[in-house]
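**Q** The structure follows.
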Amino acid sequence: MFFGWWIVAGAVFIQFLHGGLLFQAFGAYFVRLQQEFGWSSAALSWSFSLLRIESGLLGPLQGWLIDRFGPRSVLIVGLIIFAGGFMMIARVNSLLDFYLAFVVIAIGSGLGGFLTLFVTVSNWFRRRRATALALSQTGASIGGIFVPVVALALIHIGWRETAFISGLIILFVGLPLSPLFRTRPENYGMVPDGRRYEPAPHETRPALQIEPEREFTAREALRTPAFWFISFGHGSALFVVGAIMVHVIPHMVQHLNVPLESAAAVITVITAAQVVGLVGGGILGDRMDKRLIAAACMVGHTVALMGIAFAGSVWLVYVFAVIHGLSWGARGPLMGAIRADYFGVKAIGTIMGLSSLIVTIGNVFGPVFAGWMWDVRGDYQLGFIILAAMTGVGTVFFIAAKRPSRPESTWARGRRLVMQRRARERMSSGDGRGGDGARD
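Every number in the working numbering is 144 more than the matching position in the sequence shown, counting from 1.
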């Protein structure tokens, strides 16, 4: 089996640890910490926002580190810091201690998480890149099935002990997977998707060659409209993703008078639909225009949020939750794949890191805006409508994000400028047929 698929499998397990121990399980810690310390919901919510803010600010530096030192080194450092953050949680005695521990967790989960895994998988795949990225991201969603185990541990063992054990799991399960994450297939006599440079000894045909990808530097990518359109489109999608994940349950409880335990099932529905969307989006992304698929998913986000805002029954909320989950899952792997297709993988870590500064805005402020609208109006409806309109604008961004032209090399650019200068000199001197032809 092509070694790239082992990298995908390793990424699934590491994303599973992130989802099952942190992102999906945060709500369970939320309840236990409130019971013990009496901290407000707002105070605890801001700690979770630190994860999003930190990952956005860390993105450019992390991207440069990946491109400079390779993903394996960054992953190892990140997982060690990630585990250390959980062990710090086990010793928390004040809100300040909790915030400091979450800053450490944010740095570790960022360095040892999505961006590092994405760059590695992108380097090893080209023709099947969207499928590989989609499969690698299913781990975070599947991690949701581990949350009941974490909840039982919190109840029967204690939250401090559970946090410390989580750190040990990251060290003893995550770190042994790090040797899988090799930088590029070319370093091992292969090319993306598993085709080798050299033929086997018994073969007489010439070595198989592949067309080189577009390779942009980070500075060249920043100069293209596509970089900004993709970043703003991605960011507008996360306004909806964050708002629904944080506020759909309170909306069902307060607007539809649904019991909390029944309302919580909507997250399971979204997660299940997201897994289906991930696989489907990856397969479609390798066969169709990723830009248009992303635009269609943005329409799905808009319809889903508008539907949830006006739904008058629980079953309708579930229907629109499925639409949202499918759109979220199908769009997710395309966000990185389209950047790798457009800009190549030479500086993809830095390019993704710079883009995260824009993308994080939606992830952080979407939930905050929806919560503020609740505080002002007493319901989420208008807030959901405004966020849905913003996602609709994101559809336009993706449609406009056309593939940029391949950048010229320094030699080609210099040669073109010399030829243009010589042509101008000939025209100005009237030398050759051009001058006489102009007078005739």
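Built from N, CA and C at the ideal position, the CB exists for glycine as well.
These numbers come from a predicted model, not from an experiment.
To the nearest angstrom, how far is the alpha carbon of Met232 from that of Gly164?
**A** Approximately 18 Å, taken between the alpha carbons.
**Q** Only counting the same chain, and skipping five residues up and downstream in sequence, which positions put a Cβ closer than 6 Å to that of Phe230?
**A** Result list for Phe230: Ala307, Ser310 and Gly311, in chain order.
**Q** The alpha helix (DSSP H) that contains Met432, what's its start and end?
**A** Run containing Met432: none; DSSP gives neither H nor E here.
**Q** For Val537, count neighbouring C-beta atoms within 10 Å of its own C-beta (all shown protein chains included) and say buried if the count is 16 or more, exposed if not.
**A** Flag for Val537 reads exposed.
**Q** Beta carbon of Gly429, beta carbon of Leu478: below 9 Å?
**A** Yes, they are a contact pair.
**Q** Quick check: what's the CA-CA separation for Arg349 versus Asp337?
**A** Here the model assigns Arg349 a pLDDT of 44, short of 50, so the residue's position is not dependable and the matter cannot be decided.
**Q** Which same chain residues end up closer than 6 Å to Arg328 when comparing Cβ atoms and leaving out the 5 residues on each side of it in sequence?
**A** Result list for Arg328: Asn267, in chain order.
**Q** Just to confirm my understanding: we take Leu259, look at its own chain, exclude 5 residues before and 5 after, and list those with CB closer than 6 Å. What are they?
**A** If we look at Leu259 and ignore the five residues flanking it on each side, its Cβ neighbours are Gln206 and Met496.
**Q** Excluding five sequence neighbours on each side, which residues of the same chain lie with their C-beta closer than 6 Å to the C-beta of Val390?
**A** Only Pro511 meet the Cβ criterion.
**Q** Look up Gly386 in the DSSP assignment and say whether it is helix, strand or coil.
**A** Three-state DSSP puts Gly386 in a helix.
**Q** Taking the C-alpha atoms as reference points, what is the distance between Asn507 and Trp190?
**A** The alpha-carbon atoms of Asn507 and Trp190 are separated by roughly 13 Å.
**Q** As a quick exercise: from Ala365, Phe528, Val402 and Gly476, pick the residue whose alpha carbon is nearest that of Ser499.
**A** The option with the nearest alpha carbon to Ser499 is Ala365.
**Q** What residue from Val248, Val540 and Tyr486 has the CA that sits closest to Ala439's CA?
**A** Cα-wise, what sits closest to Ala439 is Val540.
**Q** So Met517 and Leu526 are supposed to be a Cβ contact under 8 Å. How far apart are they, rounded?
**A** With 8 Å as the limit, Met517 and Leu526 qualify as a contact, their Cβ atoms being about 6 Å apart.
**Q** Only counting the same chain, and skipping five residues up and downstream in sequence, which positions put a Cβ closer than 8 Å to that of Ala582?
**A** A caution first: Ala582 carries a pLDDT of 38, below 50, which makes its placement in the model too unreliable to give a value.
**Q** First and last residue of the alpha helix (DSSP H) that includes Glu305?
**A** First-last of the alpha helix (DSSP H) with Glu305: Trp303 to Ile313.
**Q** Please report the distance separating the alpha-carbon of Ser573 from that of Ala567.
**A** The straight-line gap from Cα to Cα measures roughly 10 Å.
**Q** Does DSSP classify Tyr462 as helix, strand or coil?
**A** Helix at Tyr462.
**Q** DSSP three-state label for Ala455, please.
**A** Coil, per DSSP.
**Q** Grab the span of the alpha helix (DSSP H) containing Pro511 for me, first residue to last.
**A** Its alpha helix (DSSP H) spans residues Ile492 to Arg521.
**Q** Measuring alpha carbon to alpha carbon, tell me which of Phe269, Ser471 and Phe542 ends up nearest Trp150.
**A** It is Phe269 whose Cα lies nearest to the Cα of Trp150.
**Q** Provide the residue span of the alpha helix (DSSP H) that contains Tyr243, from first to last.
**A** Run containing Tyr243: Leu239 to Leu255, per the alpha helix (DSSP H) assignment.
**Q** Can you name the start and end residues of the alpha helix (DSSP H) that Thr361 belongs to?
**A** Taken as a continuous stretch (DSSP letters only), Thr361 belongs to no alpha helix (DSSP H), as it is neither H nor E.
**Q** Provide the residue span of the alpha helix (DSSP H) that contains Gly536, from first to last.
**A** Counting along the chain, the alpha helix (DSSP H) containing Gly536 begins and ends at Gln525 to Ala544.
**Q** Considering only residues of the same chain and omitting the five flanking positions on each side of Gly256, which have a CB-CB separation below 6 Å?
**A** Only Leu219, Gly222, Leu223 and Phe226 meet the Cβ criterion.
**Q** Would you mind working out which of Ile414, Val458 and Pro369 sits nearest His445, comparing C-alpha positions?
**A** For His445, the nearest C-alpha among the options comes from Ile414.
**Q** If distances are taken between C-alpha atoms only, which option among Phe242, Cys441 and Thr412 comes closest to Gly424?
**A** If we check each option's Cα against that of Gly424, Cys441 comes out closest.
**Q** With H, G and I counted as helix, E and B as strand and the rest as coil, what does DSSP make of Thr368?
**A** Note: Thr368 maps to coil in three-state DSSP.
**Q** For the putative contact between Gly283 and Ile158, defined by C-beta atoms under 8 Å, what is the C-beta separation to the nearest angstrom?
**A** About 7 Å; that satisfies the 8 Å criterion.
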